[in-house]
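Comments concern the structure below.
Protein chains: 2
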Amino acid sequence: MAEKSKITDGMSDDELNARHAEKMKKKKAARDKIVATKTVEKGLVIVHTGKGKGKSTAGFGLVFRALGNGMKVGIVQFVKGKWETGERVALEKFSDQITITAMGDGFTWETQDRQRDIEAARQAWERAKEMIMDEEHDLVLLDELNIVLRYDYLDLNEIIEVLKAKPEMKHVVVTGRNAKDELVDFADLVTEMTMIKHPFRSGVKAQKGIEF
Amino acid sequence: MAEKSKITDGMSDDELNARHAEKMKKKKAARDKIVATKTVEKGLVIVHTGKGKGKSTAGFGLVFRALGNGMKVGIVQFVKGKWETGERVALEKFSDQITITAMGDGFTWETQDRQRDIEAARQAWERAKEMIMDEEHDLVLLDELNIVLRYDYLDLNEIIEVLKAKPEMKHVVVTGRNAKDELVDFADLVTEMTMIKHPFRSGVKAQKGIEF
Chain W
1 MAEKSKITDG
11 MSDDELNARH
21 AEKMKKKKAA
31 RDKIVATKTV
41 EKGLVIVHTG
51 KGKGKSTAGF
61 GLVFRALGNG
71 MKVGIVQFVK
81 GKWETGERVA
91 LEKFSDQITI
101 TAMGDGFTWE
111 TQDRQRDIEA
121 ARQAWERAKE
131 MIMDEEHDLV
141 LLDELNIVLR
151 YDYLDLNEII
161 EVLKAKPEMK
171 HVVVTGRNAK
181 DELVDFADLV
191 TEMTMIKHPF
201 RSGVKAQKGI
211 EF
Chain P
1 MAEKSKITDG
11 MSDDELNARH
21 AEKMKKKKAA
31 RDKIVATKTV
41 EKGLVIVHTG
51 KGKGKSTAGF
61 GLVFRALGNG
71 MKVGIVQFVK
81 GKWETGERVA
91 LEKFSDQITI
101 TAMGDGFTWE
111 TQDRQRDIEA
121 ARQAWERAKE
131 MIMDEEHDLV
141 LLDELNIVLR
151 YDYLDLNEII
161 EVLKAKPEMK
171 HVVVTGRNAK
181 DELVDFADLV
191 TEMTMIKHPF
201 RSGVKAQKGI
211 EF
């Protein structure tokens, strides 16, 4: 993915160093200039979508960064049983800063009961709504909300209305593939995780510590 | 991104439920079939690349998942000062399971000293190599190694040779944009983070708890 410059071939080390210093100086100046124009502080609506790995994992990383900064974090899992021991044990170390709503009856790939899943999604969303609107939590992670929206188990308009009404500094992170266009339009920061290569293709199974 | 099926328009709720149950049953069967063929367990070489957010954050999420599973984790930062208070405070809770090599003199966007950066990269890599090869650490995160490789501060062949020789169950995570093709070819799991939308575009600055 990185291309190698042919211009530097045959340059001495001193020449390379001088050239590099000049280049980096310009880069830093350009970077400083951009940063100086960024002055707004506000809570962000962040979406991690795409078919690749890392959507929930990056959400989980954001949670820990926030916890490390002393923030209070709310987590709502819209898919049952996705988070296993690893996450739970790690989160327990911050039990005084965290509220987790695990959907005991949440959406699962193991069941085919649409009506029950809709009810579970609705319950999870009611809890999420409270955490998005309260003054207590600084960041709320809605893990796999996109799956639930994809099946139209919840009304997207209602969710966007709540996001619009949230306290200004609240951060909300939504994960899951197939993010709806309207949510992408509304969000401040959207990253698509694309799978370039997956070990499943070569027969490797999901592994403790990595996948769960 | 999600498309809505027109076929379901006008269906009763019962019809929708039955249709859904059938669909999910098929999906689960297909999924179970795939999972059953995955039997290999091995340490993975994972790469997070691309211009989007979440590469290091997802790496950080993997670290916490591993820590929660009782694994020992090594972290080498190839860019100085990137990880701030948030990560550090969170990691301190697991100090007995973690080894961090912070590059005190590491690569930074603030300097233009190529020679010093090369030496720092070399030192960091020597420490990384030990952690990749030892029997102590289960997962090693090489944060922003791709940047250092991009500038050819380290020899990519040497890195791939070490990855080839690593203990079988060791997981190694490499982050940073512009991953080299040879590394992508060698890795087991590669995810590209693509920026769909970034708040910088609307004047929002980097914020504590989210960006650092």
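Protein chains in written order, with the UniProt record's numbering: chain W, 1 to 212; chain P, 1 to 212.
Here a beta-carbon is modelled for each residue, glycine too, at the ideal position from N, C-alpha and C.
- In the three-state DSSP reduction, His-137 (chain W) falls in the coil class, being neither helix nor strand.
- If you draw a 10 Å sphere on the C-beta of Glu-161 (chain W), you find fewer than 16 other C-beta atoms in it, and that means exposed.
- In the three-state reduction of the DSSP assignment, Leu-149 (chain W) falls in the helix class.
- Separation of Arg-150 (chain P) and Ala-179 (chain P) (C-alpha to C-alpha, rounded to the nearest whole angstrom) is 7 Å.
- Take Phe-186 (chain P), set aside five residues on each side of it, and the residues of its chain with a beta-carbon closer than 6 Å to its own are Ile-160, in chain order.
- Per DSSP, reduced to three states, the secondary structure at Lys-164 (chain P) is helical.
- Approximately 6 Å separates the beta-carbon atoms of Asp-117 (chain W) and Tyr-153 (chain W); this is inside 8 Å, confirming the contact.
- For Glu-182 (chain W), the enclosing alpha helix (DSSP H) begins and ends at 181 to 186.
- Shown here, Gly-74 (chain P) sits in a strand according to DSSP, grouped into three states.
- Taking 8 Å as the upper bound for CB-CB distance, Glu-87 (chain W) and Phe-60 (chain W) are in contact here, some 6 Å apart.
- Between the alpha carbons of Asp-9 (chain P) and Asn-17 (chain P) lies a distance of about 13 Å.
- Taking a Cβ-Cβ cut-off of 7 Å, the neighbours of Lys-93 (chain P) in chain W comprise Lys-93, given in sequence order.
- Residue range 189 to 197 is occupied by the beta strand (DSSP E) that includes Val-190 (chain P).
- Contact annotation: Leu-67 (chain W) and Ile-46 (chain W) have beta-carbon atoms that are not nearer than 9 Å.
- A straight line joining the alpha-carbon of His-137 (chain P) with that of Glu-130 (chain P) spans about 10 Å.
- Secondary structure at Leu-16 (chain P): helix, using DSSP grouped into helix, strand and coil.
- With a threshold of 9 Å between beta carbons, Lys-170 (chain W) makes no contact with chain P.
- Judged by DSSP in its simplified three-state form, Asp-143 (chain W) adopts strand.
- Looking at the DSSP output, Thr-49 (chain W) shares a beta bridge with W:Glu-192.
- Listed in chain order, the positions of the stretch 174 to 202 of chain W with a beta carbon within less than 7 Å of a beta carbon of chain P are Asn-178, Ala-179, Lys-180, Asp-181, Val-184, Ala-187, Asp-188, Leu-189, Val-190, Thr-191, Glu-192, Met-193, Thr-194, Met-195, Ile-196, Lys-197, His-198, Pro-199 and Phe-200.
- With its beta carbon at least 9 Å from every one in chain W, Phe-78 (chain P) lies outside the interface.
- At the C-beta level, Ile-147 (chain P) and Val-79 (chain P) come within 9 Å of one another.
- Only exposed fits Lys-23 (chain W), as fewer than 16 other CB atoms lie within 10 angstroms of its CB.
- If you draw a straight line from the Cα of Thr-101 (chain P) to the Cα of Val-174 (chain P), it comes to about 15 Å.
- Listed along chain P, the residues sitting closer than 7 Å to Asn-17 (chain W) by beta-carbon distance are Arg-114 and Gln-115.
- The straight-line gap separating the alpha-carbon atoms of Val-172 (chain W) and Ala-21 (chain W) is approximately 40 Å.
- Going by DSSP, Val-173 (chain P) is part of the beta strand (DSSP E) stretching over 171 to 175.
- Here Val-140 (chain W) is not near Thr-49 (chain W), since their CB atoms are 9 Å or more apart.
- Taking Glu-15 (chain P) as reference, the option from W:His-198, W:Asp-113 and W:Glu-168 with the minimal CA-CA separation is W:Asp-113.
- Only those residues of the stretch 154 to 167 of chain P whose C-beta falls short of 7 Å from the nearest C-beta of chain W would be listed, and there are none.
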